[in-house]
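A.B. asks: Residue numbering for the sequence shown follows numbering that gives the first Met the number 0, starting at 0 and increasing by one per position. Backbone N, C-alpha and C fix where the C-beta goes; we use that ideal spot for every residue, glycine too. None of these values were measured; they are calculated from a predicted model.
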Amino acid sequence: MSRGAMTARKSTVTLHMVSSLDGIIAKKDNSVSWLDDSGDVYEKGVSDDSEEDVVKAIDCFVLGSRTYEHALQLGWPYGDTPTVVITNRELPSTRKSVEFYSGDLKRLVDEILAPRYGNIWLVGGAMLCQSFLRLGLVDEIRLSIIPVLLGDGLRLFDNSSTEKRWRLKNVIAFKSGVVELSYGLPIH
Ligand SMILES: NC(=O)c1ccc[n+]([C@@H]2O[C@H](COP(=O)([O-])OP(=O)(O)OC[C@H]3O[C@@H](n4cnc5c(N)ncnc54)[C@H](OP(=O)(O)O)[C@@H]3O)[C@@H](O)[C@H]2O)c1
0 MSRGAMTARK STVTLHMVSS LDGIIAKKDN SVSWLDDSGD VYEKGVSDDS
50 EEDVVKAIDC FVLGSRTYEH ALQLGWPYGD TPTVVITNRE LPSTRKSVEF
100 YSGDLKRLVD EILAPRYGNI WLVGGAMLCQ SFLRLGLVDE IRLSIIPVLL
150 GDGLRLFDNS STEKRWRLKN VIAFKSGVVE LSYGLPIH
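1. Taking 7 Å as the limit between beta carbons, can you name the residues of its chain near SER64, skipping five residues before and five after?
2. Is ALA113 near ligand 1, in the sense that its beta carbon is under 7 Å from a heavy atom of that ligand?
3. Any heavy atom of ligand 1 within a distance shorter than 7 Å of the CB on GLY22?
4. My output table needs one value for SER1: the three-state DSSP class, helix, strand or coil.
5. Between HIS187, ASN169, SER19, ASN158, which has its C-alpha nearest ARG141's C-alpha?
6. For SER143, which of helix, strand or coil comes out of DSSP?
7. Using a Cβ distance threshold of 8 Å, determine whether the segment 104–113 contacts the segment 128–139, with at least three qualifying pairs required.
8. First and last residue of the beta strand (DSSP E) that includes THR11?
9. Between the segment 51–61 and the segment 23–34, can you find at least three pairs of beta-carbon atoms closer than 8 Å?
10. Look up LEU71 in the DSSP assignment and give the residues it is bridged to.
11. By Cβ distance below 8 Å, which residues in the same chain neighbour ASN118 in space, the five residues on each side in sequence not counted?
12. Decide if SER101 is buried, meaning its Cβ has at least 16 other Cβ atoms within 10 Å, or exposed.
So, in structure tokens, the structure goes:
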């Protein structure tokens, strides 16, 4: 049974992260050139434009405060889509679409987000994603794997949870060599 069915809510929480082949989502120096397209083309892949509709369908982003601060430095990637930043600090408000939240994450999802949004995307960082996984608040895991080994950095799945099986829902290979893997909760 899906988490949505268990809680009688129709909303879905999708954890989406971009990872290296060795499971790293950020380098120690926070540099992001490893995310750039290498220029190599995987001929059998689909074009990256095919993701535009997926992004348009997102109702709400959820992120940790360190990801928020890094996104402000790099250039805001979340447009005007409502965004909830999890923090215990008093952070300055930067955009109308951003709200801050501190407290119980299950309450955030079930009582605040689910009644307002259907398609909720949890987009990092590692610390917040691990908290969501430990609490069983993730319905779908969507990983975009960049063909690079980084060796060292922030690992997405350190300390995230106990053993748990996921069900492969979809695989998309892009011309850029990025592979997107989507997993849902087991049906049985
Ligand atoms: N490759 C990717 O797809 C991707 C995606 C997102 C981020 N990143 C990178 O990942 C790095 C940031 O990740 P991170 O793991 O260090 O930090 P993070 O998860 O973005 O943020 C951690 C902060 O979020 C708040 N927080 C997290 N869990 C909480 C909880 N359960 N309750 C209350 N507050 C909580 C705390 O904020 P306060 O300290 O303010 O209280 C905590 O310090 C950055 O380099 C970013 O660029 C990569």
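C.D. replies: In brief:
1. Correct list, in chain order: VAL84, ILE85, THR86, ARG88, LEU90.
2. No, Cβ of ALA113 sits at least 7 Å from all heavy atoms of ligand 1.
3. Checking every heavy atom of ligand 1 against the Cβ of GLY22, none is found closer than 7 Å.
4. Residue placement at SER1 cannot be trusted, given a pLDDT of 46 that sits under 50; what the coordinates show is reported in the next sentence. Under the three-state reduction of DSSP output, SER1 falls in the coil class, being neither helix nor strand.
5. The residue from HIS187, ASN169, SER19, ASN158 with its alpha-carbon nearest to that of ARG141 is ASN169.
6. SER143 carries a strand assignment under DSSP once its states are collapsed to helix, strand and coil.
7. Touching, per the Cβ criterion.
8. Residues 11–19.
9. No, because fewer than three Cβ pairs between the segment 23–34 and the segment 51–61 fall closer than 8 Å, the two stretches do not touch.
10. LEU71 is bridged by DSSP to nothing; it lacks a bridge partner.
11. Excluding positions up to five away in sequence, the list reads SER10, THR11, THR13, ALA56, ILE57, ASP58, CYS59.
12. Per the 10 Å Cβ criterion, exposed.
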